[in-house]
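Residue numbers (our numbering): 35 to 463.
Here is the structure we will look at, set down as structure tokens.
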Amino acid sequence: MKKIIYPIKGTRDFYPEIKAVHTWLYSKVRKVSESYGYQEYEGPYLESIDLYAAKSGEELVKEQSFVFPDRSGELITLRPELTPTLARMVAQRQKQLIYPLRWWSFGPFWRYEKPQKGRSREFFQWNIDLIGLNSPQADTELIAIVANFFKEVGLTPHQVKIFVNDRKLMETELNSLGIANNDQPTVFRLIDRREKMAEGDWVQYAMDEGLNQSQINGIIALLENKGLWKKSSNLEQIFETLQAVNLMSFVEYDPNIIRGLDYYTSTVFEAKDIGGNVRRSILGGGRYDNLLADVGGEPLPAVGFAMGDVVISLILENYGCIPPQIFQPPAKVLVTTFSAETLLASLSLAEDLREHGINTFSYPETTNLNKQLKFADRMKIPYVIILGPDEIAQNSCTVKCLVDGKQERIPIEEISGKLSRILADEFNL
RNA sequence: GUGCCAGUAGCUCAAUGGCAGAGCAUCGCACUGUGGAUGCGAGGGCUGUGGGUUCGAAACCCAUCUGGCACCCCA
Numbered sequence: 035m036k037k038i039i040y041p042i043k044g045t046r047d048f049y050p051e052i053k054a055v056h057t058w059l060y061s062k063v064r065k066v067s068e069s070y071g072y073q074e075y076e077g078p079y080l081e082s083i084d085l086y087a088a089k090s091g092e093e094l095v096k097e098q099s100f101v102f103p104d105r106s107g108e109l110i111t112l113r114p115e116l117t118p119t120l121a122r123m124v125a126q127r128q129k130q131l132i133y134p135l136r137w138w139s140f141g142p143f144w145r146y147e148k149p150q151k152g153r154s155r156e157f158f159q160w161n162i163d164l165i166g167l168n169s170p171q172a173d174t175e176l177i178a179i180v181a182n183f184f185k186e187v188g189l190t191p192h193q194v195k196i197f198v199n200d201r202k203l204m205e206t207e208l209n210s211l212g213i214a215n216n217d218q219p220t221v222f223r224l225i226d227r228r229e230k231m232a233e234g235d236w237v238q239y240a241m242d243e244g245l246n247q248s249q250i251n252g253i254i255a256l257l258e259n260k261g262l263w264k265k266s267s268n269l270e271q272i273f274e275t276l277q278a279v280n281l282m283s284f285v286e287y288d289p290n291i292i293r294g295l296d297y298y299t300s301t302v303f304e305a306k307d308i309g310g311n312v313r314r315s316i317l318g319g320g321r322y323d324n325l326l327a328d329v330g331g332e333p334l335p336a337v338g339f340a341m342g343d344v345v346i347s348l349i350l351e352n353y354g355c356i357p358p359q360i361f362q363p364p365a366k367v368l369v370t371t372f373s374a375e376t377l378l379a380s381l382s383l384a385e386d387l388r389e390h391g392i393n394t395f396s397y398p399e400t401t402n403l404n405k406q407l408k409f410a411d412r413m414k415i416p417y418v419i420i421l422g423p424d425e426i427a428q429n430s431c432t433v434k435c436l437v438d439g440k441q442e443r444i445p446i447e448e449i450s451g452k453l454s455r456i457l458a459d460e461f462n463l
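What follows is the structure, encoded as structure tokens:
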């Protein structure tokens, strides 16, 4: 094959069968979001780099964003995440919006990453946020939305799990080990890496960062204490509420969950594939009570999460959760063309069917029936209409069902009604 | 941005320095008013790209692109 122009590295082509999965995922995201009353919104795909500079974390802005000058020389960013945009949009209309505010979005984002499985440079994200409430039960609502999304797409608690922690709890505990708040970003990073490193290497790394042996032992004890949540009234209430709404089976406490973004202030959570081999996190979120003030608004508490489409699609495919019937031809009927003499009659009949609300393929070229039936078969079109000289002479047409192979000849004026009834019965159209 | 592995027909892969192949798919015919099945036949390749070594390279070397794995980071 001659390759002339390559696609941009890390982008994906959505061929119809892939686009169908994407559309299906979008519909599930919409369904779950709306079931809790959240409203859909969208921000611009281009933002000023200043919006992220303050709060998203050094790495995300400096290393992972697509940044370029516009024609006036101003630095423009292809948005790497949505939360700062949301904060900006809310701050701009802070006085006129109605709180608590529940918004969701599903749109494209860009990060300059090394592409590999589960990670691309152009991807979609589901963002959902609850702004204006500061209670454990508000955090629980977001976690419950995740659990309900998993149920909606057919994932089970044996396959995926939502791990929850509280940064405030960790801060307090680290303080009592004599680790000052200023040093905590380093320690958080240390915690983040523990699962990926050999024990000895990790201890050495911790000592290189200036921790003493008793602090290291203290941190290890923290991270292995699955009951640490009992020291946090916030987490206690979250788990109690999840228990009450019968969703706790999807949730687990994990003191190792810290999250990378700088703006999280308290509750943090992350969902992972525990039954399979996809190591990347499915989604992550938490409470960010300072961000509104940081982008110039009045202080407003907020909680939310983001889920990328790439990892979840992989997992859904691995677990066989994607229904095969989502990829179907939009039309269930093909009106064949018999000959040059009958071509116009066929096209006219097809147009008539469409006017009756029946999605219909035409075959706007004269070729043998063999080929047209084979096309219908391969496209999984269940019904074909044959309109040859015999049918036309009798003012009729032949309708053939490719599923059972049966066919019958009926008066032409009855065809649209008959097809409407059949399709309504079989496909609930 | 770092390290490792891979790239051969539309797809999955074989050929390990000596004529580039198989299965599936595609197309044609049997079957010009009827799809799937079967049989027969055909097309399809600058072996990711560019250089080098060699009498000879898909194979060995260098570079580069793309993908995958582990880092980094994260959706």
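Think of the CB as a built atom: it goes at the ideal place given N, C-alpha and C, for glycine as much as any other residue.
As the structure is a computational prediction, the values presented were derived from the model and not from experiment.
Neighbourhood of residue i by C-beta, 6 Å cutoff - its chain only, sequence neighbours within 5 removed
{"i": "glycine 188", "result": "Cys355"}
{"i": "asparagine 182", "result": "Val66"}
{"i": "alanine 384", "result": "Val369, Thr394, Ser396"}
{"i": "cysteine 431", "result": "Ile419, Leu421, Glu425, Ile446, Ile449"}
Nonlocal neighbours in the same chain, by C-beta distance under 8 Å from residue i, ignoring five residues either side
{"i": "methionine 231", "result": "Tyr239"}
{"i": "valine 194", "result": "Phe184, Phe284, Ala305, Lys306, Asp307, Ile308, Gly309, Ile316, Ile349"}
{"i": "proline 134", "result": "Leu164, Ile165, Gly166, Leu167, Ala172"}
{"i": "asparagine 268", "result": "Pro170, Asp173, Asp200, Lys202, Leu203, Ser300, Thr301"}
{"i": "lysine 452", "result": "Val433, Ile444"}
Beta-carbon proximity list for residue i, same chain, < 7 Å, skipping 5 on both sides
{"i": "glutamate 81", "result": "Thr111, Arg113, Thr119"}
{"i": "glutamine 218", "result": "Glu205, Leu208"}
Environment of residue i [buried if 16+ CB atoms lie within 10 Å]
{"i": "lysine 129", "result": "exposed"}
{"i": "methionine 204", "result": "buried"}
{"i": "isoleucine 162", "result": "buried"}
{"i": "aspartate 343", "result": "buried"}
{"i": "asparagine 199", "result": "buried"}
{"i": "glutamate 175", "result": "buried"}
{"i": "threonine 401", "result": "exposed"}
{"i": "threonine 275", "result": "buried"}
{"i": "glycine 319", "result": "buried"}
Nearest-angstrom Cα separation, counted from residue j out to residue i
{"i": "threonine 299", "j": "isoleucine 52", "result": "38 Å"}
{"i": "phenylalanine 157", "j": "valine 345", "result": "10 Å"}
{"i": "leucine 403", "j": "valine 369", "result": "11 Å"}
{"i": "tyrosine 40", "j": "lysine 151", "result": "19 Å"}
{"i": "glutamine 73", "j": "phenylalanine 143", "result": "20 Å"}
{"i": "proline 289", "j": "tryptophan 58", "result": "34 Å"}
{"i": "glutamate 207", "j": "alanine 255", "result": "11 Å"}
{"i": "tyrosine 60", "j": "phenylalanine 140", "result": "7 Å"}
{"i": "isoleucine 444", "j": "lysine 408", "result": "23 Å"}
{"i": "alanine 340", "j": "phenylalanine 222", "result": "21 Å"}
{"i": "glutamate 233", "j": "aspartate 226", "result": "13 Å"}
{"i": "leucine 131", "j": "arginine 64", "result": "22 Å"}
{"i": "threonine 117", "j": "leucine 281", "result": "26 Å"}
As assigned by DSSP and simplified to three states, the class of residue i
{"i": "proline 423", "result": "helix"}
{"i": "isoleucine 110", "result": "strand"}
{"i": "valine 312", "result": "coil"}
{"i": "leucine 21", "result": "Outside the modelled stretch of the chain, which goes from 35 to 463, sits residue 21, for which no answer is possible."}
{"i": "serine 69", "result": "helix"}
{"i": "lysine 43", "result": "coil"}
{"i": "threonine 401", "result": "coil"}
{"i": "proline 416", "result": "coil"}
{"i": "glycine 252", "result": "helix"}
Starting from the N-terminal side, write out each stretch of the alpha helix (DSSP H) that is 4 residues or longer and does not extend beyond the region 254-307. If we require 4 residues or more, the alpha helix (DSSP H) runs fully inside the region 254-307 come out as 267-278.
Along the chain, which unbroken stretches of the alpha helix (DSSP H) at least 4 residues long are found entirely within the region 173-245? Runs found: 201-210, 218-228, 233-242.
Segments of 4+ residues assigned as alpha helix (DSSP H) that fall wholly inside the region 326-374: List check, alpha helix (DSSP H) in window: 343-352.
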